[in-house]
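A short write-up of the structure that comes next.
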Amino acid sequence: MNGVLNRLGLDSKMALGYLGILLFMMGDGLEQGWLSSYLMDNGLTVQQSALLFSVYGFAVAIAAWLSGVLAEILGPRKAMTLGLLLFVLGTIIFLLFGISDMNLAIMIPTYSLRGLGYPLFAYSFLVWITYYAPK
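Heads up: the sequence shown begins at 1 in our numbering, then just goes up one per residue.
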């Protein structure tokens with residue numbers, strides 16, 4: 001496996017981070033394309049859907065702003081782990097209790113947790129790349 005990664009120009013220590021970024025980006029892009037219409041087709045109003053995505057965007061902005069500081073304080077790997085945990089926890093609760101009941105009071109905070117997790121993982125990984133890459 002290391003031989004394949006080296007031929008691609010990827011360090012084996014960084015491969016899981018690259019895979020994580022790829023999955024986060026694909027999932028986020030695919031989700032944004034259908035989730036709003038799904039929510040409205042299942043009972044949410046346009047305003048409620050817009051509120052959900054607005055709060056998500058605010059959470060993403062806050063996490064992006066704090067990610068560099070958290071990567072410095074915690075270290076990039078721990079900050080990435082925290083981002084992954086926030087994303088997974090938010091996703092599980094969002095799907096099990098928010099979407100299944102179309103409960104906006106649960107969807108907003110749990111979707112926001114996902115919004116905190118994604119940039120924290122991604123930007124902390126960029127910090128790790130900066131530390132790890134040869135000069």
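Heads up, the beta-carbon is just placed ideally off N, CA and C, and yes, glycines get one too. Predicted model, so just to flag it, every value in this text is computed and none were measured.
Check	Outcome
Segment contact flag, the segment 67-85 with the segment 31-49, C-beta cutoff 8 Å, min 3 pairs	no
Cutoff 7 Å; reference A42; Cβ partners in own chain excluding five residues on either side	Reading the sequence as shown, one finds Asn at residue 42 and not Ala. Correct list, in chain order: M102.
Backbone secondary structure at L95 - three-state DSSP	helix
Beta-carbon gap between A63 and L120 smaller than 8 Å	yes
Of the residues V69, S112, L66, the one placed nearest V55, counting alpha carbons only	S112
Spatial neighbours of G17 in its chain, beta-carbon cut-off 6 Å, leaving aside the 5 residues before and after	F125
Pick from K13, V4, W128, Y132 that is closest to A71, judged by C-alpha positions	W128
Proximity winner among V69, L22, G57, G115, relative to V88 (alpha-carbon distances)	G115
CB contact flag (L96, L44, <8 Å)	no
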